[in-house]
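In this note's numbering, the protein residues as written are 42 to 844.
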Amino acid sequence: MSDTLRTTRVAIIGGGIMGVAAQYQLAEAGWTDTILFEKAELTSGSTWHAAGQIAHAVGSRVMGWVNKTSIETYKKVEKETGQSIGWHEVGGFRIATTDDEVDWMKSIMGVGKLLDLPMELVGPEAVAKGNPFYKVDDVKVAIQTFEDGHIDPSSVTMALAAATRARGAKIERHNQVLGASRKGDMWLLRTEKGDVLAEHVVIAAGSYANQVGEWFGLTIPSVSCLHHYLVTDTVPEFLDRPELPVMRDNAFGGYIRQEQKSGLIGIYEGHVCPTVWEMPEGAPWAAENELFEADYDSIGDFLMVAFDKMPILAELGIKRVVRGAITHTPDGGMLVGPSGAPNVWLSCGSSIGLAWGGGAGKVLADWMVHGESEINTRGFDPRRYGNFADGNFIVERTKDEFMRRHDTPCPGKQFHSLRPLNRHALYDRLAAKGAVFGEIAGWERPRYFGEVGEVEQIGWGPQNWHENAIREAKATREAAGVIDLCAFAQFEITGKDAGALLNRLSANKIPARDGRMSLNHLLTEQGRFETEITIWRIAENRFFTGSPIARSNPDFDWIKSHVRQGEDVQMINRSQDWGMLALSGPASRKIMVKLTDVDLSNANFPWLSGKEATIAGVPCYMLRVSFVGELGWELHAPLDQIGAIYDALFEAGEKHGLVDLGSYAFNGMRMEKAYRASGELTTDIGPFDVGLERFVATENRDFVGRAALMERDPTWELLYAELHSDDIDIHGGEPVLLDGKPVGLTTSGGYGYSIGKSLGWLFVRKGTPHDGLKVQILNREIATTVHPNALFDPQNLRPRSEA
42 MSDTLRTTRV
52 AIIGGGIMGV
62 AAQYQLAEAG
72 WTDTILFEKA
82 ELTSGSTWHA
92 AGQIAHAVGS
102 RVMGWVNKTS
112 IETYKKVEKE
122 TGQSIGWHEV
132 GGFRIATTDD
142 EVDWMKSIMG
152 VGKLLDLPME
162 LVGPEAVAKG
172 NPFYKVDDVK
182 VAIQTFEDGH
192 IDPSSVTMAL
202 AAATRARGAK
212 IERHNQVLGA
222 SRKGDMWLLR
232 TEKGDVLAEH
242 VVIAAGSYAN
252 QVGEWFGLTI
262 PSVSCLHHYL
272 VTDTVPEFLD
282 RPELPVMRDN
292 AFGGYIRQEQ
302 KSGLIGIYEG
312 HVCPTVWEMP
322 EGAPWAAENE
332 LFEADYDSIG
342 DFLMVAFDKM
352 PILAELGIKR
362 VVRGAITHTP
372 DGGMLVGPSG
382 APNVWLSCGS
392 SIGLAWGGGA
402 GKVLADWMVH
412 GESEINTRGF
422 DPRRYGNFAD
432 GNFIVERTKD
442 EFMRRHDTPC
452 PGKQFHSLRP
462 LNRHALYDRL
472 AAKGAVFGEI
482 AGWERPRYFG
492 EVGEVEQIGW
502 GPQNWHENAI
512 REAKATREAA
522 GVIDLCAFAQ
532 FEITGKDAGA
542 LLNRLSANKI
552 PARDGRMSLN
562 HLLTEQGRFE
572 TEITIWRIAE
582 NRFFTGSPIA
592 RSNPDFDWIK
602 SHVRQGEDVQ
612 MINRSQDWGM
622 LALSGPASRK
632 IMVKLTDVDL
642 SNANFPWLSG
652 KEATIAGVPC
662 YMLRVSFVGE
672 LGWELHAPLD
682 QIGAIYDALF
692 EAGEKHGLVD
702 LGSYAFNGMR
712 MEKAYRASGE
722 LTTDIGPFDV
732 GLERFVATEN
742 RDFVGRAALM
752 ERDPTWELLY
762 AELHSDDIDI
772 HGGEPVLLDG
782 KPVGLTTSGG
792 YGYSIGKSLG
802 WLFVRKGTPH
812 DGLKVQILNR
822 EIATTVHPNA
832 LFDPQNLRPR
842 SEA
């Protein structure tokens, strides 16, 4: 053991596919001063026992890009090193046996179109031709893919490792990291072979991520779940024919493929999720190449369905059962990106490691080296979980995710475990009035109001709640509506340097006068969106900000991380103990005048201003702003008193037609006003890409990301469009076509309930003709009309109304 303290730019903890792929991609991006530490052999955690499927038929453009990037990376490494990656490009079928699954297959075709992935929507005859041993009696349609398949986990990991070493990076096997501590602006890692100082640390520790995370003060939302696959005896019918495609079928919750000349059946039980190595203790350090005893009782019914689907496997013996630990997260997405601890990054929580590894490594490397990725990273960001994600939530919600892994992912799908997680002061009141809730960042928010106890229908087309949303939207436009937005990120930022901090973070100027508000975009150094916030200047050294609840922790950390040494700035995160009601509609002033002594006239209380007020005896912040484009106010107050304000609103508003407003109607009214939301403000673009030039103020001022923003010539533009359809709406992520070829994608959409039109945002390549654009939804090409302005109140007169 050397007494010399070694240093490295990046230390990577974990030698599975996620860690090795991350190190390879860092080397590709120019960072070769890296050391990967593995306590045993490469792949000896979960990677080695993976079944190795990589699919093109997936439900989103982002995940399709990840899988495509993984395959491209692995093939490149095989060619470069000459080492086999064990790639079997056999294609596959994803089977639909229900109407909802048929719609899902049709939606997947849009992903294929966007990413130029060869796939076809086929009937049972094509399935039978591709796999003559598979029963197709109940097959309605299937997605057939041609350039995906399965890979050998150990071979591809070793090939990546060889390519990484060739670039000068180091891999140390049989050198366990024992702990970590902060030393100046570096991390000191204790290893079995001596201490190492690292500028950055990547936790790619798989099932060990929980206990590794504790060294850095992190709670990592990842749980080890047990997954079965079984390998049969030799199948005589496989001996003299080409290898079969991979079959994926929700009917038995898994997959069937060929393994050499045997059959391989993978099962995800839909009724139970066995977990192991419960957090925070995690996996025992001595574990290596660990497998667990098969539980035929838990998978028996699913296995019988699989045998029924492919009868040639039913009478064969089972020569091998692999039941190993695979990490899952509460929402099923991996954890890739900044952890929240300084210079600590995650590349873990991956339930499909081989399919995701190469793409995840690319995202992480680009983020670390360049500060951005070419793909939107919000769904990977480990900080997407808020304070609600305690140990019990992480375990129980992850079990729910595992069991629903082979459910059809219809729009509107929700988890049911631990609901309601946060029961704030309005929950019982709203439930008694027929609120049908959706969960957002651990909070319940009404989606619409129906009958008490009503269960929401979900699917791609209009559902049973469509008429409810129409009534709510029209009543708000004609009179007034109030929506529970208690799930909202709210920060108080004070101190003599608070204004300077916010000004140098904001692309737009912050309010120059007390009481005024502004919409501000905080950008990365590369001029891309970090977040969008509203800023209210209460006084010279006192500010209040609002942003979506899912951004509570990331936004707070982002702003706080830019406080300079010696600056006088204090920050309080009110998101957990304050709530917000948004009152909107032409009768809003008539209602509010009965509840407060504040002069609500335009002269005293203009649009985009705020005041400290007392409403129904409750001190609160009153902000004159409306996301639905009406006269209205946001009312911010402590959660334990928000109920008194709500009750007073309805007591005063009864004769004025006040109604409860749900998020479906709220979104539709947002679309009528052509307001942008999170779907339009993703991490891979900036303000000039989406027509927000008016919120960028560059004259005589500097801000984070300014130089990069001004140097880049946008190659995309955002179009506001009407979709000519009576039975389907834009959900986001669908291809935009011109003459049948993709020229962009949708970002978000919804039905304009008060004007009776389906609306959406189209993100297309700059210079694309606006006439003739179509959107591909459920494999149909639907015509659009691009509109230059909002279809409702384009002059924005209603929010400024004096009436």
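All C-beta atoms in this analysis are idealised placements derived from N, C-alpha and C, irrespective of residue type, glycine included.
None of the values given here were measured: they were computed from a predicted structure.
Mind checking residue i: buried by the 16 CB within 10 Å criterion, or exposed?
{"i": "L332", "result": "exposed"}
{"i": "S644", "result": "For clarity, residue 644 is Ala in the given sequence; the question names Ser instead. The residue is exposed, with fewer than 16 neighbouring Cβ atoms inside 10 Å."}
{"i": "K109", "result": "buried"}
{"i": "S642", "result": "exposed"}
{"i": "A844", "result": "exposed"}
{"i": "T723", "result": "buried"}
{"i": "M345", "result": "exposed"}
{"i": "Y337", "result": "exposed"}
{"i": "M42", "result": "Residue confidence is low: M42 scores 45 on pLDDT, short of 50, so the model does not pin down where it sits. Its coordinate-derived value is still stated next. Flag for M42 reads exposed."}
{"i": "S380", "result": "buried"}
{"i": "S704", "result": "buried"}
{"i": "T205", "result": "buried"}
{"i": "W106", "result": "buried"}
{"i": "R665", "result": "buried"}
{"i": "K807", "result": "exposed"}
{"i": "G398", "result": "buried"}
{"i": "N251", "result": "buried"}
{"i": "W326", "result": "exposed"}
{"i": "K696", "result": "exposed"}
{"i": "P461", "result": "exposed"}
Can you tell me whether DSSP reads residue i as helix, strand or coil?
{"i": "A718", "result": "coil"}
{"i": "H129", "result": "strand"}
{"i": "E166", "result": "helix"}
{"i": "M751", "result": "helix"}
{"i": "A396", "result": "helix"}
{"i": "L702", "result": "coil"}
{"i": "L764", "result": "strand"}
{"i": "R361", "result": "strand"}
{"i": "F804", "result": "strand"}
{"i": "R735", "result": "helix"}
{"i": "L680", "result": "helix"}
{"i": "I30", "result": "In the structure displayed, the chain extends from 42 to 844; residue 30 sits before or after that span and is not available."}
{"i": "V404", "result": "helix"}
{"i": "P423", "result": "helix"}
Is the separation between the beta-carbon of residue i and that of residue j shorter than 8 Å?
{"i": "G479", "j": "D701", "result": "no"}
{"i": "V410", "j": "G727", "result": "no"}
{"i": "S391", "j": "G373", "result": "no"}
{"i": "A530", "j": "D596", "result": "yes"}
{"i": "L750", "j": "G793", "result": "no"}
{"i": "V99", "j": "L77", "result": "no"}
{"i": "G502", "j": "I58", "result": "no"}
{"i": "H129", "j": "E278", "result": "no"}
{"i": "G93", "j": "V131", "result": "no"}
{"i": "P487", "j": "D525", "result": "yes"}
{"i": "I95", "j": "S111", "result": "yes"}
{"i": "N549", "j": "F736", "result": "yes"}
{"i": "L546", "j": "I600", "result": "yes"}
In its own chain, which residues sit with a C-beta less than 6 Å from the C-beta of residue i, not counting the 5 before and 5 after it?
{"i": "K446", "result": "At residue 446 the sequence reads Arg, which differs from the Lys that was named. Y309."}
{"i": "T637", "result": "A654 and I656"}
{"i": "T845", "result": "Past the boundaries of the shown model lies residue 845; the chain is included only from 42 to 844, so the question cannot be answered."}
{"i": "V362", "result": "L271 and A335"}
{"i": "G66", "result": "Residue identity differs from the one stated: residue 66 is Gln in this sequence, not Gly. Closer than 6 Å at the Cβ level, and outside the excluded window around Q66, lie G402, K403 and A406."}
Spatial neighbours of residue i within its chain, please: CB distance less than 8 Å, with the 5 preceding and 5 following residues excluded, ordered by chain position.
{"i": "L778", "result": "K154, V784, L814, K815, V816, Q817 and E822"}
{"i": "A183", "result": "F134, R135, I136, A137, M146, L162, V163, G164, P165, A167 and V168"}
Kindly say whether residue i, judged by its beta-carbon, lies nearer than 8 Å to any beta-carbon of chain C.
{"i": "N505", "result": "The chain labelled as chain C is not found in the depicted structure, where only one protein chain is given."}
Ordered along the chain, which non-local residues of its own chain (more than five positions away) have a Cβ less than 7 Å from that of residue i?
{"i": "E495", "result": "G475 and V477"}
{"i": "L842", "result": "Sequence check: residue 842 is Ser here, not Leu. The answer, listed in chain order, is P627 and L672."}
Exercise. Whole beta strand (DSSP E) runs in the stretch 297-357 with 3 or more residues, listed along the chain?
Worked result: List check, beta strand (DSSP E) in window: 303-308.
Problem set entry | Entirely enclosed beta strand (DSSP E) segments - the stretch 448-519, minimum 3 residues | Segments of the beta strand (DSSP E) lying fully in the stretch 448-519: 476-481 and 484-490.
Exercise. Can you give, in chain order, each stretch of the alpha helix (DSSP H) that sits fully within the stretch 599-646 and has at least 4 residues?
Worked result: Taking 4 residues as the shortest admissible run, the stretch 599-646 contains the following complete alpha helix (DSSP H) segments, listed from N- to C-terminal end: 629-633.
Exercise. Which runs of the beta strand (DSSP E) spanning at least 3 residues fall entirely within the stretch 172-207, listed in chain order?
Worked result: Listed in chain order, the complete beta strand (DSSP E) runs (minimum 3 residues) inside the stretch 172-207 are 182-186.
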